[in-house]
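Note that numbering that gives the first Met the number 0 gives residue 443 to position 444 of the sequence shown, counting from 1, and the numbers run on in steps of one.
Note that the Cβ used here is the ideal one computed from N, Cα and C, for glycine as well.
The next block holds one structure in the form of structure tokens; read it before the comments.
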Amino acid sequence: MTDTAGPAGTRTLDAQGVRDAQRGRHADGPMGIPARGLKDVFWRVYAGVTEDRITLIAAGVTYYLLLALFPAASALVSIYGFVADPVTIADRIAFLSTIMPAEGLNIFLDQVRALSSERGATLSIGLIAGLALALWSANNGMKALFEAMNVAYGEQEKRGIVKLNLMSLLFTLGAMLIAIVILFAMGVVPALLKYFWLDQWSEMIIRIARWPLMMVFVTLGIMALYRFGPSREPAKIQWLTWGAAFSTIFWLLASLGVSYYLANVADYNATYGTLGALIGFMVWTWVSVIIVVVGAEINAELEHQTSVDSTTGHPKPMGAVGIRHESMYDLDVNVKTEEILMNEMVTRVADRVGLAPDAAEKAIGMMLGFLQREADDAAVARMIEAIPGAPELVGKFNGEGAGGGGLLGGLMSSFGGGGIMTLGQQLMSQGLGMGEITALAKETMAVAREHAGDETVDTVIASVPGLSQFV
């Protein structure tokens with residue numbers, strides 16, 4: 000890119016390049032994002048969980064998943080009956096009571112035992128109807144998960160109804176087949192161990208191996224959901240791993256925690272009666288879905304931190320890859336959008352001053368709004384226009400605390416410089432100390448110099464009595 004802005008423009012581009020490197024704007028994977036960039040990701044994920052109403056989304060997904068539970072059990076028993084004795088299913092999945100609410104799991108196991116105790120003919124007759132109902136119900140649950148992925152990645156559903164249903168059906172069938180393979184393997188492995196004269200170790204081997212095996216399948220399943228669930232270009236594998244690892248680990252920990260809580264602390268049976276076990280199972284499902292969606296939020300924000308195309312296929316310029324533009328670069332001039340630049344400015348000032356990002360954002364907006372009212376009109380207009388996101392900050396916070404200043408502001412105005420002291424009083428009313436106000440002014444003006452140039456900023460400072468003492 001050719002510099003046509005003179006020395007100030009050169010400094011701006013150089014400073015921009017340094018900030019890009021510090022925040023991983025050219026990272027080709029999460030491992031390439033430095034700590035400062037990961038901090039940006041953390042704050043965006045933190046905000047996204049609230050803004051995207053993750054708990055409400057998870058509640059809707061939980062509803063559809065619970066509707067799918069018992070029809071899915073019927074289909075599972077029916078299909079499993081073709082490869083093994085369905086009576087053994089309940090015993091082979093009973094170990095899940097360690098990480099799932101035991102009473103809730105027992106409801107499912109009782110249903111499985113009831114279905115598996117039926118005759119083969121009955122199972123065959125019920126196979127088509129049960130499987131169709133299970134797939135229909137489970138498909139709705141899977142589509143709800145897909146929609147949750149769209150929310151996390153900031154996407155609108157663009158797939159046609161046929162493609163969406165075929166993909167969700169494929170995921171549903173895949174989940175059932177994986178469950179059947181695992182259950183079947185738990186029956187075949189003891190026979191293989193016996194063949195190799197290791198039958199005396201079979202129980203211990205199965206008890207130990209089933210957990211890492213389950214974690215591997217859970218992680219792979221979550222990665223597949225993250226890759227194909229949202230309506231967008233599939234992400235490369237490296238952009239899926241962190242969220243999947245987070246979801247798997249925290250799902251296991253949360254499952255253990257919820258199970259312990261329901262078994263030893265809460266007494267849902269006393270509150271809900273016979274529905275207590277089902278309510279406990281519903282809570283566990285809800286928490287599990289929240290964790291999976293938060294993992295998707297993590298992956299999404301990691302992708303938004305880089306300008307590199309994070310999707311599969313032929314590399315595309317940013318803005319054309321079908322993902323939300325939180326941290327994108329302009330197609331031609333490789334300049335990030337104003338929103339992310341504004342967030343970077345706020346984060347930078349917050350870090351240097353020692354403020355929370357929301358407090359720094361408000362303070363910067365109040366300061367720029369004050370300058371807009373008090374400084375040279377032409378110069379301050381150029382400065383605010385040059386700083387990415389500054390007009391929005393001024394519009395959002397201009398007038399906050401205006402008219403304040405109190406006794407100190409009034410006294411200072413009689414000695415001159417009352418305007419800047421009034422601003423100081425307004426910022427102090429927001430909880431800032433004098434040292435923080437001074438640091439805030441210096442950092443804000445430093446940012447302004449990078450974007451608007453020294454001449455413009457010097458004109459602004461000179462036009463406001465007393466401002467030069469702070470910056």
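Run through DSSP, which three-state label would residue i get?
i    : result
A234 : strand
T311 : coil
E154 : coil
D51  : coil
M281 : helix
H25  : coil
D457 : helix
D39  : helix
P464 : coil
D350 : helix
D266 : coil
T305 : coil
S428 : coil
V470 : coil
P211 : helix
T11  : Here the model assigns T11 a pLDDT of 44, short of 50, so the residue's position is not dependable and the matter cannot be decided.
A174 : helix
P70  : helix
I179 : helix
G59  : helix
M30  : helix
G228 : coil
M222 : helix
M344 : helix
F145 : helix
Give the range of the alpha helix (DSSP H) segment to which residue i is assigned.
i    : result
S246 : T240 to N263
L439 : M433 to A451
R372 : P356 to E373
L392 : A389 to F396
T273 : Premise fails: T273 is in no alpha helix (DSSP H) and is neither H nor E.
M382 : D376 to A385
So residue i and residue j are supposed to be a Cβ contact under 8 Å. How far apart are they, rounded?
i    : j    : result
I290 : S246 : 5 Å
M365 : Q425 : 6 Å
N149 : L239 : N149 to L239, Cβ: 16 Å. No contact.
A378 : S462 : 7 Å
R24  : T305 : 6 Å
Let me confirm a value: residue i is counted as buried when at least 16 other C-beta atoms fall within 10 Å, else exposed. Which label applies?
i    : result
A131 : exposed
Y225 : buried
A34  : exposed
I160 : exposed
E435 : buried
F41  : exposed
S287 : buried
S428 : exposed
W210 : exposed
N342 : buried
Discussion item. So, does the stretch 433-448 touch the stretch 341-353, judging by three or more C-beta pairs under 8 Å?
Written reply: yes
Practice prompt. Would you check if there are 3 or more beta carbon pairs closer than 8 Å linking the stretch 267-280 to the stretch 103-110?
Written response: Because the criterion of three Cβ pairs below 8 Å is met, the stretch 267-280 and the stretch 103-110 touch.
Fill in: At least 3 beta-carbon pairs within less than 8 Å: the stretch 443-450 vs the stretch 374-389
yes
Discussion item. Could you check whether the stretch 23-39 touches the stretch 136-145, counting it as contact only if at least three pairs of C-beta atoms, one from each stretch, sit closer than 8 Å?
Written reply: no
Practice prompt. Flag this pair as touching only if the stretch 264-271 and the stretch 216-235 have three or more C-beta atom pairs under 8 Å; answer yes or no.
Written response: no
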